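Trainee:
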Amino acid sequence: MSDIDLDRADPGFKHEVARRRGAEGIKRCYACGACSARCPVGELNPDFDPRRLIRLVVLGLRDEVLSSPLLWVCSTCYTCQETCPEGVDFTEVLFVLKNMAVEAGCFPPTLGAQVELLKNHGRLYEITDFENEKRAELGLPPLDERPDDFLALLKDFQPETKGDA
Amino acid sequence: MSWALFLGCTVPVRNLNYEAAVRKTAAGLGLELADLPGFGCCGFPLKSLSSEQALVLTVRNLALAQADGRDVVAVCSACAATLSEAEHVMSRDPDLAARVNERLAEIGLSYRGGVKVRHYTRLIHEEIGPERIREAVVRPLDGGRFAPHYGCHYLKPAEAMDHFDSPEDPRSLTVLIEALGAEAVEYPGLKDCCGGGVLGTDEDLAQRMAFGKLERIDQMGLTGLVVICPFCNVMFEGQQKTMAKKFGSKIKVPLFFYPQLLGLALGFTPEELGFKHNRIKDKDFLKAFEPAKG
Numbered sequence: 001m002s003d004i005d006l007d008r009a010d011p012g013f014k015h016e017v018a019r020r021r022g023a024e025g026i027k028r029c030y031a032c033g034a035c036s037a038r039c040p041v042g043e044l045n046p047d048f049d050p051r052r053l054i055r056l057v058v059l060g061l062r063d064e065v066l067s068s069p070l071l072w073v074c075s076t077c078y079t080c081q082e083t084c085p086e087g088v089d090f091t092e093v094l095f096v097l098k099n100m101a102v103e104a105g106c107f108p109p110t111l112g113a114q115v116e117l118l119k120n121h122g123r124l125y126e127i128t129d130f131e132n133e134k135r136a137e138l139g140l141p142p143l144d145e146r147p148d149d150f151l152a153l154l155k156d157f158q159p160e161t162k163g164d165a
Numbered sequence: 166m167s168w169a170l171f172l173g174c175t176v177p178v179r180n181l182n183y184e185a186a187v188r189k190t191a192a193g194l195g196l197e198l199a200d201l202p203g204f205g206c207c208g209f210p211l212k213s214l215s216s217e218q219a220l221v222l223t224v225r226n227l228a229l230a231q232a233d234g235r236d237v238v239a240v241c242s243a244c245a246a247t248l249s250e251a252e253h254v255m256s257r258d259p260d261l262a263a264r265v266n267e268r269l270a271e272i273g274l275s276y277r278g279g280v281k282v283r284h285y286t287r288l289i290h291e292e293i294g295p296e297r298i299r300e301a302v303v304r305p306l307d308g309g310r311f312a313p314h315y316g317c318h319y320l321k322p323a324e325a326m327d328h329f330d331s332p333e334d335p336r337s338l339t340v341l342i343e344a345l346g347a348e349a350v351e352y353p354g355l356k357d358c359c360g361g362g363v364l365g366t367d368e369d370l371a372q373r374m375a376f377g378k379l380e381r382i383d384q385m386g387l388t389g390l391v392v393i394c395p396f397c398n399v400m401f402e403g404q405q406k407t408m409a410k411k412f413g414s415k416i417k418v419p420l421f422f423y424p425q426l427l428g429l430a431l432g433f434t435p436e437e438l439g440f441k442h443n444r445i446k447d448k449d450f451l452k453a454f455e456p457a458k459g
């Protein structure tokens, strides 16, 4: 990780983040590090450090945060947020930061493929005769796809990635 | 009482053994499960891209259950948590609920709030309970020693789950295993995450998260690891051979979905419980539950 350059800081960034649902508590963080101490991802990849990510947001380092590949390695185990003594929901904060990164065009391209699958099938896995035959062997009822609802609800949702993350 | 069975995307395609065992055990315990044809993706896969867009998809399912007059039981922990959180949020943020309902009106649905969502394991724990399970057991799993793996989204976020079990000291799955006559073993790392959440973005990291637990359980010489979520199963069973090769290890840890164990104890056969779909199993253990020949 590079040194922090405060000349690039955007003091409004933390307020912008805290206005979003789930991230409201971020300004209460007093950097005790309980989140980082118990993070199972951080244990194996020390670059992933929830406390440091919160500091970067509070300092206003918008680009460094939103373009960071580290946003995408949270396993969403919720340990940080159940642990935080100040009620900062860090798992939710990360979802907010990921959403903002997506709006800025920075996200792993594989996530876009899931949108297409849902638009086409309403599920992550296509249901064909093959799947239903295997289900019938175990006496399970056939499944169908109802993609119309998903197509209607997702028609304007087409996030585009610049592929940075 | 009857519940709408929410299968999600993965279980009805990749874990037919789990689904079969859920249906058999529910019938055996007198829990009526109904299939709702309109159920689709729970929305969780889109949450990283847009929480609000994902929420619309989540609440679509709750609205369908409400129109059908049923509460929901989910078999995937990620689905259970996503649906529970959505109900929690919709009942506390009227502005957001109004925006979501405006979107759902496009497909002729609306959600008033109040549908209760539970994971199947939680449902068994709360509606039947270990005492009645113990009474219903016809073939106790005597001598079986199992490591419970609760996983994360079964318990957390605890607030959205009504704090039904403690994320720090979870008990519900442990007592349900013990009710079958088996031993549920406490082990270091019992609460550790399977790593499934990062498999798509960092495979190596996900594998290192899962492998530590498998190695510890292998050393303990247990009958198997008990899971209740398809993603935990992907990591511990689907990835097990790949990980053993990668990390130069000879581990073999049989996997069980809890309803499969419950089903054996209730008298169902391994075939009825879909054990042929289990990729890593202990055939000697299962032999005792085969129907008598001739």
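Taken in sequence, the protein lines are chains Z and C. Positions 1 to 165 (the working numbering) are the ones given, in order, by the first sequence. Positions 166 to 459 (the working numbering) are the ones given, in order, by the second sequence. Ideal placement from N, C-alpha and C gives every residue a C-beta, glycine not left out. Given the structure is predicted, the values throughout are model-derived calculations rather than measurements.
#1: Considering only the beta carbon of each residue, do Z:Cys80 and Z:Phe95 sit closer than 9 Å?
#2: Name the chain Z residues whose beta carbon is nearer than 7 Å to that of C:Pro332?
#3: Note down, in chain order, each residue of its chain lying with its Cβ closer than 8 Å to the Cβ of Z:Ile26, except the 5 sequence neighbours on either side.
#4: With 16 as the cutoff for other CB atoms within 10 Å, does C:Lys446 come out buried or exposed?
#5: Taking C:Leu364 as the reference, which of C:Tyr352, C:Asn398 and C:Ser337 has the closest Cα?
#6: Please report the Cβ distance between Z:Leu71 and C:Ala185, rounded to the nearest whole angstrom; I am assuming they are in contact, meaning their Cβ atoms lie under 8 Å.
#7: Per DSSP, which one or two residues make a beta bridge with C:Pro313?
#8: Measuring straight from C-alpha to C-alpha, what distance separates Z:Ser75 and C:Arg277?
#9: Are C:Asp367 and Z:Asn45 closer than 9 Å when you measure CB to CB?
#10: Taking a cut of 8 Å between CB atoms, which residues from the stretch 221-235 of chain C lie near chain Z?
#11: Can you tell me which of C:Asp236, C:Ala169 and C:Thr175 puts its alpha carbon nearest to the alpha carbon of C:Ser242?
#12: Exposed or buried, which one is C:Val303 when buried takes at least 16 other CB atoms within 10 Å?
#13: Here's a check: name, in chain order, each residue in its chain whose Cβ is nearer than 8 Å to the Cβ of C:Gly173, leaving out the five neighbours to either side.
#14: Mind listing, in chain order, the continuous alpha helix (DSSP H) runs of no fewer than 4 residues lying wholly within the stretch 282-364 of chain C?
#15: Which of helix, strand or coil does DSSP assign to Z:Phe130?
#16: Contact defined as beta carbons within less than 8 Å: I believe Z:Leu154 pairs with Z:Val115. What is the distance between those atoms, to the nearest angstrom?
#17: What residue from Z:Thr83, Z:Arg8 and Z:Gly22 has the CA that sits closest to Z:Cys39's CA?
#18: Check whether the Cβ of C:Tyr276 sits closer than 8 Å to any heavy atom of the ligand MN, and report yes or no.
#19: Using a 10 Å radius around the Cβ and a threshold of 16 neighbouring Cβ atoms, would you call C:Pro210 buried or exposed?
#20: Does the separation of the CB atoms of C:Gly361 and C:Ala375 fall below 9 Å?
#21: Is there at least one Cβ from chain C nearer than 9 Å to Z:Asp129's Cβ?
#22: For chain C, is any of its Cβ atoms less than 9 Å away from the one on Z:Leu53?
#23: For Z:Cys32 versus Z:Pro85, is the C-beta spacing smaller than 9 Å?
#24: Using a beta-carbon distance cut-off of less than 8 Å, what residues from the stretch 199-212 of chain C approach chain Z?
#25: Residues in the stretch 124-152 of chain Z with C-beta within 9 Å of chain C's C-beta atoms, listed in sequence order?
#26: Within the same chain, show all residues whose beta-carbon is closer than 6 Å to that of C:Val221, passing over the 5 residues directly before and after it, in chain order.
#27: Within this structure, are the beta carbons of C:Phe421 and C:Gly193 separated by less than 9 Å?
#28: Residues in the same chain with beta-carbon distance under 7 Å from C:Cys110, minus the five sequence neighbours each way, listed in chain order, please.
#29: For C:Phe171, write down the residues that DSSP places opposite it in a beta bridge.
#30: Provide the residue span of the alpha helix (DSSP H) that contains Z:Leu66, from first to last.
#31: Residue ranges of each beta strand (DSSP E) run of no fewer than 3 residues wholly in the stretch 366-417 of chain C, ordered along the chain?
#32: Starting from C:Phe422, follow its DSSP beta bridges and name the residues at the other end.
#33: Note down, in chain order, every chain Z residue with its Cβ under 9 Å from the Cβ of C:Ser215.
#34: State the Cα-Cα distance for the pair C:Asp258 and C:Leu214, rounded to the nearest angstrom.
#35: Which residue wins for smallest C-alpha separation from C:Arg336, given the options C:Ala457, C:Leu274 and C:Tyr315?
#36: So Z:Leu140 and C:Leu181 are supposed to be a Cβ contact under 8 Å. How far apart are they, rounded?
Mentor: Reading off the structure:
#1: no
#2: Result: Glu82.
#3: Residues Lys14, Val17, Ala18, Ile54, Val57, Val58, Val88 and Val93 of the same chain have their beta carbon placed closer than 8 Å to that of Z:Ile26, with the five preceding and five following residues left out of the count.
#4: buried
#5: C:Asn398
#6: With a Cβ gap of about 38 Å, Z:Leu71 and C:Ala185 do not count as contacting.
#7: C:Val391
#8: Roughly 32 Å between the two C-alpha positions.
#9: yes
#10: Val221, Leu222 and Arg225
#11: C:Thr175
#12: exposed
#13: Cys206, Cys207, Ala239, Val240, Cys241, Ala243, Cys244 and Pro395
#14: 285-288, 294-301 and 337-343, all fully within the stretch 282-364 of chain C.
#15: helix
#16: About 7 Å; that satisfies the 8 Å criterion.
#17: Restricting attention to Z:Thr83, Z:Arg8 and Z:Gly22, the CA atom closest to the CA of Z:Cys39 is found in Z:Thr83.
#18: By its list of ligands, the structure shown contains no ligand whatsoever, and the ligand MN lies outside what it can speak to.
#19: Label assigned to C:Pro210: buried.
#20: yes
#21: No, Z:Asp129 does not count as interfacial toward chain C.
#22: no
#23: Result yes, Cβ atoms of Z:Cys32 and Z:Pro85 sit closer than 9 Å.
#24: Close to chain Z, meaning a Cβ-Cβ distance shorter than 8 Å, are the following residues of the stretch 199-212 of chain C: Asp200, Pro202, Gly203, Gly205, Cys206, Pro210, Leu211 and Lys212.
#25: Leu124, Tyr125, Glu126, Ile127, Glu131, Lys134, Arg135, Glu137, Leu138, Gly139, Leu140, Pro141, Leu143, Asp144, Glu145, Arg146, Pro147, Asp148, Asp149, Phe150 and Ala152
#26: Counting only Cβ-Cβ distances below 6 Å, and skipping sequence neighbours, we find Val265 and Arg268.
#27: no
#28: Since the displayed chain C opens at 166 and closes at 459, residue 110 of chain C lies outside it and no answer follows.
#29: C:Ala239
#30: Counted as a single uninterrupted DSSP element, the alpha helix (DSSP H) harbouring Z:Leu66 occupies residues Arg62 to Leu66.
#31: 389-392
#32: C:Val392
#33: Asn99, Val102, Glu103, Phe157 and Pro159
#34: 21 Å
#35: C:Tyr315
#36: 6 Å
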